[in-house]
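Q: Quick one: structure below, then a few questions.
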Amino acid sequence: MGPLAPYEIISENTNFLLAFFIGIAFGWVLESSGFSSSRKLAGIFYGYDTVVLKVFFTGAITAMLGLLFMSLFGWIDLDLVYVNPTYLTSAIIGGVVMGAGFIMGGFCPGTSFCGAAIGKIDAMVFVGGLFIGVYGFAFTYPWWEKMYMAKYLGEPKVSEKLGMSDGLFGLLLIIVALGMFIVAEWAEKKWPREEY
Amino acid sequence: MSKNTTTERSRRYLNPYLGGVLLGLVLLAANFVSGRGLGASGAVKSVVATTIEAVDKDAASTMPFMAEYAESHSGSPMRSWLVFQMLGVIVGGFLSGAVAGRLKLKVEHSPKITSRRRLIFALMGGILFGFGSQIGRGCTSGSALSGMAVLSMGGFITMMAIFGTAFALAYFFRRNWI
Amino acid sequence: MMKPLKLLALFVIPLGIIIAAVPPDRVKHFRLTADELLQEAGAGVQFISPDVVADMLVQKDPSLRLIDVRTPEEFDAYHMDGAINIPLSSLLSDEYTDILHQDAYMNVFYSNGSVYANQAWMITRQLGYENNFVLEGGLNYWFGNILSPEAPSLTSPNEEFAKYDFRKSAAAALGGGGVVATDNVAPAVKAVRPPVMSKAKKKPSGGC
Chain B
2 MGPLAPYEII SENTNFLLAF FIGIAFGWVL ESSGFSSSRK LAGIFYGYDT
52 VVLKVFFTGA ITAMLGLLFM SLFGWIDLDL VYVNPTYLTS AIIGGVVMGA
102 GFIMGGFCPG TSFCGAAIGK IDAMVFVGGL FIGVYGFAFT YPWWEKMYMA
152 KYLGEPKVSE KLGMSDGLFG LLLIIVALGM FIVAEWAEKK WPREEY
Chain X
15 MSKNTTTERS RRYLNPYLGG VLLGLVLLAA NFVSGRGLGA SGAVKSVVAT
65 TIEAVDKDAA STMPFMAEYA ESHSGSPMRS WLVFQMLGVI VGGFLSGAVA
115 GRLKLKVEHS PKITSRRRLI FALMGGILFG FGSQIGRGCT SGSALSGMAV
165 LSMGGFITMM AIFGTAFALA YFFRRNWI
Chain D
4 MMKPLKLLAL FVIPLGIIIA AVPPDRVKHF RLTADELLQE AGAGVQFISP
54 DVVADMLVQK DPSLRLIDVR TPEEFDAYHM DGAINIPLSS LLSDEYTDIL
104 HQDAYMNVFY SNGSVYANQA WMITRQLGYE NNFVLEGGLN YWFGNILSPE
154 APSLTSPNEE FAKYDFRKSA AAALGGGGVV ATDNVAPAVK AVRPPVMSKA
204 KKKPSGGC
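Protein chains in written order, with our numbering: chain B, 2 to 197; chain X, 15 to 192; chain D, 4 to 211.
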C-alpha cells in the first residue's frame, strides 16, 4: 500500500533515487510539451498559445483521478499524502507576486530549469533571478514573518470546504477544465500563431 | 490544428493533452512513491539554505529563516527530495531537447524587442517569482499543480492568485510578447 | 483519429462520474492485513498493565476510557468506575463506531478474563482502528491484585514492595476491599504509559 516512503517500504535513499528518475520524467514531459519556451508559456495570457492551460489542468485532473482511484482500490493511503497547508494571507500575496513574475519573466521555476537545460539564456537568467529572490526573502524574513504565518487554516481540501465528496469535486473540476479547453481551442483558431 | 511553420529542424511538441496526461502520471508516481507531489522552488530554497549555512555555520541562531528551515528539515539541506528531483528535471529537459533537436544557446524573445530587454525582464521576473514562491510556500509546480491534485485549498488559492495576477498584468507587458 | 480533446473527454468524464458516485468513505480506507495483525497480536502490543490503568484512574486521567465488553447483565452487576458497556456481540453496530474509531481517547477493553476483550481488540484492529487496548488479566486479575493486593513476602525485591504500596493506595482510592488507607500514599511505581502504537507512519513534508 502506498505511499511507499512514509510506510518505509522503500528506504530514504531509494526515495531520493526515485526522485531523480521522477524528475527526469518531469523534465522530459515539460520540455516535450513546449514548456521550455517562454513565449509558449506566456501565450495563455494573450490567447495565442494555450498549452499551459491544457497541460496544467489535464495533468492536475489525471493525477487527481489517479489518486482517488488508487485509494479506492486500497493501493494508497491518502492520509499520508501531503496536502499543502493553507495560510490564507501568504497564499494570496505569494500568488500575486508570482503572477507578476510569471508575466514578466515568462517562466516558472520548474520550466525555467528546463529552458536552461536546453540552452535558453533567458531561462538561465530567470533561474539566477530566482536565487536572488530567495536570498532576498531569507535575509528580510523578519519583515514578512507575521504575514507569512498569518491565517493558518490547517490543510483543508477544497471539497471539504465546499461540503462535497472528493469524487464529486473531481467531477466538477473535470467539467470546468473541459469547458476551459473548449474555449481555448476556439481562441487558438481565432488567433493562430507559429510554433516557437 | 494550427499551422506548424518551423524555422529550425526541430520535432514538433507533444500534443498538449497527451503531455498533460503524462505529467499527471508523473505527479501520480511522485505521490505514490514519496507521499508528496512535484515541486521546484523548494530546491532553490535548499540550495540557498546550504550556501548560507556554509558561509555562516551559526546562521540558524541569527536568521529566523534558517531556524525555521532547520526545524522542518533534519540533516543536510541538500538531502532533500526536491533537490534530487530538480537534478532529474535538468537531465530530463536536456534529454528531451537533445532528442528533439531543440538544443541551442539563445535568448528567446519576441522579434519586436531586443535580447537585452528580454533578459532584463527575465531577471526581474525571476526575482519576483523567487520571492513570491517563498511567501506562497511553493510555485506553480509545488503549490498549484501538486496542490490541485490533492485538492488542497491553499494550492487552489495560490494558483488562482498566480494566474489571475498574470492575466491582470498581461496588458502592461504585451509588448514583450506579441 | 478523433480530435484529442474529444478523446480526453471520453475518458475523463466517465471516470469522473464513477469516482463521484462512489460513497466517500469507500474511497479512503485502511485495513490491516492478516500478517500485520498476527505480528501485532504476537507482540502483545494491545495489552495494557493494570497498574497503568490504576494509576490513570487515581490521577483521573481524562484520556482513559474503559469499555466493558461483557453482557449488559454482567455490566449492571459490577463494572469498573467510569466504564461504558459495549457488549461484544454488538461491537460493530453503527452507534459505537465513533467510540471505537477515534484518536482522542485511549480505549481499554476489559472482560472477566481477557478472552472477550482480546476478541474485541482483534476485530477493531483489523478494521484499522487505533488507540484500543486490552486490560491485561481482565477483571479477575484486577480484583485479585489491584483492589486486594497481596503483600509480598519479606524476601521479595524492592520493586515488589513498591508495587504493593502503589496498589494499596490505588485500591484505597478506587474503593477496593479490605485495605486500610494509609497516610503516605506512595506513588511508587510511576506507571509508564504505553506509546500510542502508531505504525511508524511519518507524514511526509512537501510543498515548495
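Here a beta-carbon is modelled for each residue, glycine too, at the ideal position from N, C-alpha and C.
Evaluate Thr141(B) with the Cβ neighbour count: other Cβ atoms within 10 Å of its Cβ, from every protein chain shown; 16 or more gives buried, anything less gives exposed.
A: In the first sequence, counting from the first residue as 1, residue 141(B) sits at position 140. When all chains shown are included, Thr141(B) counts as exposed.
Q: If we count the other Cβ atoms within 10 Å of its Cβ and call it buried at 16 or more, is Gln42(D) buried or exposed?
A: Start at 1 with the first residue of the third sequence, and residue 42(D) comes out as number 39. Counting Cβ neighbours within 10 Å, Gln42(D) comes out exposed, since fewer than 16 surround it.
Q: With a CB to CB cut of under 8 Å and the five nearest residues on each side skipped, what residues in its chain are close to Arg131(X)?
A: As a working mapping, residue 131(X) is identified with position 117 in the second sequence. These residues qualify, in order along the chain: His123, Asn190.
Q: What's the gap between the Cα of Trp145(D) and the Cα of Arg73(D)?
A: For the purposes of this step, residue 145(D) is taken as the residue at position 142 of the third sequence. For the purposes of this step, residue 73(D) is taken as the residue at position 70 of the third sequence. Cα-Cα distance, rounded: 15 Å.
Q: Taking a cut of 7 Å between CB atoms, which residues from the segment 155 to 185 of chain B lie near chain A?
A: Given the protein chain composition of this structure (B, X and D), no chain A is represented.
Q: Along the segment 6 to 37 of chain B, what residues have a CB closer than 8 Å to any CB found in chain D?
A: Result list: Ala6, Pro7, Tyr8, Glu9.
Q: Which runs of the alpha helix (DSSP H), 4 residues or longer, sit entirely within the segment 107 to 164 of chain X?
A: As far as the segment 107 to 164 of chain X is concerned, its whole alpha helix (DSSP H) runs of at least 4 residues are 129 to 149, 160 to 163.
Q: Tell me, to the nearest whole angstrom, how far the beta carbon of Met99(B) is from that of Ile176(X); I am working on the premise that it is less than 8 Å.
A: Start at 1 with the first residue of the first sequence, and residue 99(B) comes out as number 98. Start at 1 with the first residue of the second sequence, and residue 176(X) comes out as number 162. 5 Å between Cβ atoms; contact.
Q: So does Ala57(X) have its beta carbon nearer than 8 Å to some heavy atom of the ligand NAP?
A: Absent from the structure shown: the ligand NAP. Ligands present: none.
Q: What span of residues does the beta strand (DSSP E) with Asp101(D) cover, start to end?
A: The count along the third sequence starts at 1 and reaches residue 101(D) at position 98. Element bounds for Asp101(D): not the beta strand (DSSP E) but the alpha helix (DSSP H), 100 to 103.
Q: CA-CA distance, Leu169(B) and Ile20(D)?
A: Start at 1 with the first residue of the first sequence, and residue 169(B) comes out as number 168. Start at 1 with the first residue of the third sequence, and residue 20(D) comes out as number 17. Rounded to whole angstroms, Leu169(B) to Ile20(D) spans 8 Å at the Cα level.
Q: Considering only their Cβ atoms, is the gap separating Gly140(X) from Val35(B) smaller than 9 Å?
A: For this step, residue 35(B) is matched to residue 34 along the first sequence. For this step, residue 140(X) is matched to residue 126 along the second sequence. A small fix is needed here, since residue 35(B) is Gly in this sequence, not Val. The answer is no: Cβ separation not under 9 Å.
Q: For the putative contact between Lys152(B) and Tyr88(B), defined by C-beta atoms under 8 Å, what is the C-beta separation to the nearest angstrom?
A: Position 151 of the first sequence holds residue 152(B). Position 87 of the first sequence holds residue 88(B). About 6 Å separates the two Cβ atoms, so the contact holds.
Q: Can you grab the Cα-Cα spacing for the pair Ala46(D) / Glu39(D), in whole Å?
A: Locating residue 46(D) in the third sequence gives position 43, counting from the first residue. Locating residue 39(D) in the third sequence gives position 36, counting from the first residue. If you take the alpha carbons of Ala46(D) and Glu39(D), they lie about 11 Å apart.
Q: Quick one: using the 10 Å Cβ neighbour count with 16 as the cut-off for buried, is Ser48(X) buried or exposed?
A: Taking the first residue of the second sequence as 1, we reach residue 48(X) at position 34. So Ser48(X) counts as buried.
Q: By the DSSP assignment, the beta strand (DSSP E) with Leu67(D) in it spans what residues?
A: Counting from 1 along the third sequence, the entry for residue 67(D) is found at position 64. Taken as a continuous stretch (DSSP letters only), the beta strand (DSSP E) holding Leu67(D) covers 67 to 71.
Q: Quick one: which chain X residues come within Cβ less than 7 Å of Leu11(D)?
A: In the third sequence, the residue the question calls residue 11(D) occupies position 8. Those are Tyr31, listed as they occur along chain X.
Q: Taking 9 Å as the CB-CB cut-off, is Leu183(X) touching chain B?
A: Residue numbering aside, residue 183(X) sits at position 169 when the second sequence is read from its first letter. So yes, Leu183(X) belongs to the interface.
Q: By how many angstroms is the C-alpha of Leu79(B) removed from the C-alpha of Ala37(D)?
A: Here residue 37(D) refers to the residue found at position 34 of the third sequence. Here residue 79(B) refers to the residue found at position 78 of the first sequence. Each residue's Cα considered, the two are about 21 Å apart.
Q: Using a Cβ-Cβ distance cut-off of 9 Å, determine whether Phe70(B) contacts chain D.
A: Residue 70(B) sits at position 69 when you count from the first residue of the first sequence. Phe70(B) counts as touching chain D.
Q: Rounding to the nearest angstrom, what Cα-Cα distance links Gly161(X) and Glu161(B) in this structure?
A: Counting from one through the second sequence, the residue named residue 161(X) turns up at place 147. Counting from one through the first sequence, the residue named residue 161(B) turns up at place 160. So the alpha carbons of these two residues sit roughly 14 Å apart.
Q: What does Ile62(B) touch in chain D if you count any residue whose Cβ is under 7 Å from its own?
A: Position 61 of the first sequence, counting from 1, holds the residue named residue 62(B). In chain order: Val15.
Q: If you reduce the DSSP assignment to three classes, tell me which class Ile16(D) lands in.
A: Within the third sequence, residue 16(D) is the residue found at index 13, counting from 1. Residue state, collapsed to three classes: helix.
Q: List the whole-angstrom C-beta distance separating Tyr108(D) from Asn134(D), where the pair is believed to meet the contact cut-off of C-beta under 8 Å.
A: Residue numbering aside, residue 108(D) sits at position 105 when the third sequence is read from its first letter. Residue numbering aside, residue 134(D) sits at position 131 when the third sequence is read from its first letter. Between Asn134(D) and Tyr108(D) the Cβ distance is about 7 Å, and since that is below 8 Å, they are a contact.
Q: Does the Cβ-Cβ distance between Gly141(D) and Gly116(D) come in under 9 Å?
A: Locating residue 141(D) in the third sequence gives position 138, where the first residue counts as 1. Locating residue 116(D) in the third sequence gives position 113, where the first residue counts as 1. It is a contact, given that the beta carbons lie within the stated cut-off.
Q: Hey, quick one: how far does the beta strand (DSSP E) through Phe27(B) stretch, first residue to last?
A: Counting from 1 along the first sequence, the entry for residue 27(B) is found at position 26. First-last for Phe27(B): 13 to 33, but that is the alpha helix (DSSP H), not the beta strand (DSSP E).
Q: Using DSSP with H/G/I as helix, E/B as strand and the rest coil, what is Tyr8(B)?
A: Here residue 8(B) refers to the residue found at position 7 when the first sequence is read from its first residue. Residue state, collapsed to three classes: coil.
Q: Kindly identify the DSSP beta-bridge partner or partners of Tyr113(D).
A: In the third sequence, residue 113(D) corresponds to position 110, counting from 1. Bridge partners of Tyr113(D): Asp71(D).
Q: Helix, strand or coil, according to DSSP, for Phe136(D) in the structure here?
A: Within the third sequence, residue 136(D) is the residue found at index 133, counting from 1. Here Phe136(D) sits in strand by DSSP.
Q: Express the C-alpha separation of Glu156(B) and Lys118(X) in angstroms, rounding to a whole number.
A: Sequence index remark: in the second sequence, residue 118(X) carries index 104 (1-based). Sequence index remark: in the first sequence, residue 156(B) carries index 155 (1-based). Between Lys118(X) and Glu156(B), the C-alpha separation is close to 43 Å.
Q: Any idea what DSSP makes of Lys6(D), helix, strand or coil?
A: Mapped onto the third sequence, residue 6(D) falls at position 3. Three-state result, Lys6(D): coil.
Q: Just confirm the distance between the C-beta atoms of Gly168(X) and Tyr83(B), as a whole number of angstroms; I'd bet it's less than 8 Å.
A: The count along the second sequence starts at 1 and reaches residue 168(X) at position 154. The count along the first sequence starts at 1 and reaches residue 83(B) at position 82. Between Tyr83(B) and Gly168(X) the Cβ distance is about 11 Å, and since that is not below 8 Å, they are no contact.
Q: Which residue spans inside the segment 144 to 174 of chain B form an unbroken alpha helix (DSSP H) run of at least 4?
A: Listed in chain order, the complete alpha helix (DSSP H) runs (minimum 4 residues) inside the segment 144 to 174 of chain B are 159 to 163.
Q: Which partner residues does Lys121(B) have in the DSSP bridge list?
A: As a working note, residue 121(B) is residue 120 in the first sequence. BP columns for Lys121(B) point to Lys120(X).
Q: Check the Cβ-Cβ distances between Val62(X) and every residue of chain D, and say whether any is below 9 Å.
A: In the second sequence, counting from the first residue as 1, residue 62(X) sits at position 48. Taking Cβ atoms only, chain D never reaches closer than 9 Å to Val62(X), which makes this a no.
Q: Can you grab the Cα-Cα spacing for the pair Ala178(B) / Thr59(B), in whole Å?
A: Numbered from its first residue, the first sequence carries residue 178(B) at position 177. Numbered from its first residue, the first sequence carries residue 59(B) at position 58. One C-alpha to the other measures close to 8 Å.
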